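Peer 1: Structure below; questions to follow.
Numbering (the working numbering), first residue to last: 13 to 413.
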């Protein structure tokens, strides 16, 4: 600080310090500065750990895939009678729950309503069917408005439960988190209700629709991830429905023609797998929200800057190289610890603040070193000039010769 005052004077030093402090604080204040790096860190973390997590063995997906479409020879949406037929085949295997990831919003236009009646009766008979509803959020002059798109009342009344599915799509069109409950709607998600039906303890720590809750999705891809079973194999009898005994069955669509796919940190994934992974996240006790609040970002930025300042000010020789190595070590350690404890603080402000402060300190030290070199050269030149005056290069001769 004393050197800055000598070089720039008080007013300029004050302005320089204010600019540097504001630039440092901006890293924590404005999420747009760090968002790109935060996503890189999070997506790298998810890609690393997803293939080391085992999914719950009781979750399985019955998939209406392209092969099923071709073999059944019907257009989409299917006649409800066909859906009721598939549900009866699944239920013959005595699963614990069947989650139908298909919105039954309108009456069946086929078979004069007979298919609706058959599906309704199957739901009542087995009593273990969960339905999904959709949410639609719109921005109006009065603020954010949410509309719940539900199934037909007769299906809601016949099913065990109905809950919303709400994947949170980020600005880069990637889906990383999901909502567990929403205070504005006053209801809970489908997967949270199922988890509570399995064991009330899975609901501990989540508000009873008092506050909105969200969690990142912990995908589990070890040993192939959540298993898929083609609905075609059930229709054709290639697979015995008894394989579904005591399983939580997600019935959904992955046929490419229906475009029910979403971008995730692991790439493009069918919507039904994302829904199943959301339940797996809850019952495997991996729920945890990514901390996005201002206080967390500022704290992360301050901590990173403090580390960078301490390292640059105390390690001397090879400081930059040591600082980079330590930064990478702390970042990797933090990622592992956060994944183990299912706690996700913002790492990007920490990293960028460390780098920013290190560069500034290095730049200031280099600048003063440059000035000292220039001063030394100037002093040497001035000393040389003085010496030339006292000791001229040509020999001195007296007036007498």
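For glycine and all other residues, C-beta sits at the position ideal for the given N, C-alpha and C.
Please read all numbers here as calculations on a predicted model, not as lab measurements.
Thinking C-beta only, is residue 55 closer than 8 Å to residue 283?
Peer 2: Residue mapping note: residue 283 aligns to position 271 of the chain shown, counting from 1. Residue mapping note: residue 55 aligns to position 43 of the chain shown, counting from 1. For residue 283 and residue 55, no; Cβs fall outside 8 Å.
Peer 1: Let me know the secondary structure DSSP gives residue 86 once reduced to three states.
Peer 2: Residue numbering aside, residue 86 sits at position 74 when the chain shown is read from its first letter. If DSSP states are grouped into helix, strand and coil, residue 86 belongs with coil.
Peer 1: Helix, strand or coil for residue 64, going by three-state DSSP, please let me know.
Peer 2: For the purposes of this step, residue 64 is identified with residue 52 of the chain shown, where counting begins at 1. Coil, per DSSP.
Peer 1: By how many angstroms is the C-alpha of residue 94 removed from the C-alpha of residue 126?
Peer 2: The residue you call residue 126 lines up with position 114 of the chain shown. The residue you call residue 94 lines up with position 82 of the chain shown. Residue 126 and residue 94: Cα-Cα distance of roughly 11 Å.
Peer 1: Let's see if you can read the secondary structure: which residues bound the beta strand (DSSP E) around residue 122?
Peer 2: As a position in the chain shown, residue 122 is number 110, starting the count at 1. Note, residue 122: premise wrong, no beta strand (DSSP E); not H, not E.
Peer 1: Based on DSSP bridge pairs, tell me the residues matched to residue 276.
Peer 2: The residue you call residue 276 lines up with position 264 of the chain shown. BP columns for residue 276 point to 279.
Peer 1: Closer than 8 Å is the cut-off here; do at least three beta carbon pairs connect the region 335-347 with the region 356-363?
Peer 2: yes
Peer 1: Count Cβ pairs between the region 84-92 and the region 248-256 that sit closer than 8 Å; are there 3 or more?
Peer 2: Three or more Cβ pairs closer than 8 Å define a contact, and the region 84-92 falls short of that threshold against the region 248-256.
Peer 1: Quick one: grab the DSSP three-state call for residue 142.
Peer 2: Locating residue 142 in the chain shown gives position 130, counting from the first residue. Residue 142: strand per DSSP, three-state reduction.
Peer 1: Measuring from the CB of residue 351, is there a heavy atom of the ligand NAP at a distance below 7 Å?
Peer 2: Judged by which ligands are present, the structure shown has none, so any question about the ligand NAP falls away.
Peer 1: Check this for me: beta carbons of residue 189 and residue 135, under 8 Å apart or not?
Peer 2: Locating residue 189 in the chain shown gives position 177, counting from the first residue. Locating residue 135 in the chain shown gives position 123, counting from the first residue. No.
Peer 1: Near residue 339, what residues of its chain come up, given a Cβ to Cβ distance below 6 Å and the 5 sequence neighbours on each side ignored?
Peer 2: Residue mapping note: residue 339 aligns to position 327 of the chain shown, counting from 1. Once the five neighbours on either side are set aside, the close Cβ partners of residue 339 are 366.
Peer 1: Quick one: using the 10 Å Cβ neighbour count with 16 as the cut-off for buried, is residue 297 buried or exposed?
Peer 2: Counting from one through the chain shown, the residue named residue 297 turns up at place 285. Exposed, because fewer than 16 other Cβ atoms sit within 10 Å of the Cβ of residue 297.
Peer 1: Looking at the secondary structure, which residues open and close the beta strand (DSSP E) in which residue 173 lies?
Peer 2: On the chain shown, residue 173 is found 161 positions in, with the first residue counted as 1. Segment 173-177, the beta strand (DSSP E) holding residue 173.
Peer 1: What three-state label does DSSP hand residue 264 in the structure shown?
Peer 2: Your numbering for residue 264 matches position 252 in the chain shown. In this structure, residue 264 counts as strand in the three-state DSSP scheme.
Peer 1: Just list the residues that DSSP pairs residue 187 with in beta bridges.
Peer 2: The count along the chain shown starts at 1 and reaches residue 187 at position 175. Beta bridge pairing from DSSP links residue 187 with 181.
Peer 1: Taking the alpha helix (DSSP H) that residue 74 belongs to, which residues open and close that run?
Peer 2: Working through the chain shown from its first residue, we reach residue 74 at position 62. Where residue 74 is concerned, there is no enclosing alpha helix (DSSP H), although the beta strand (DSSP E) it sits in stretches over 71-76.
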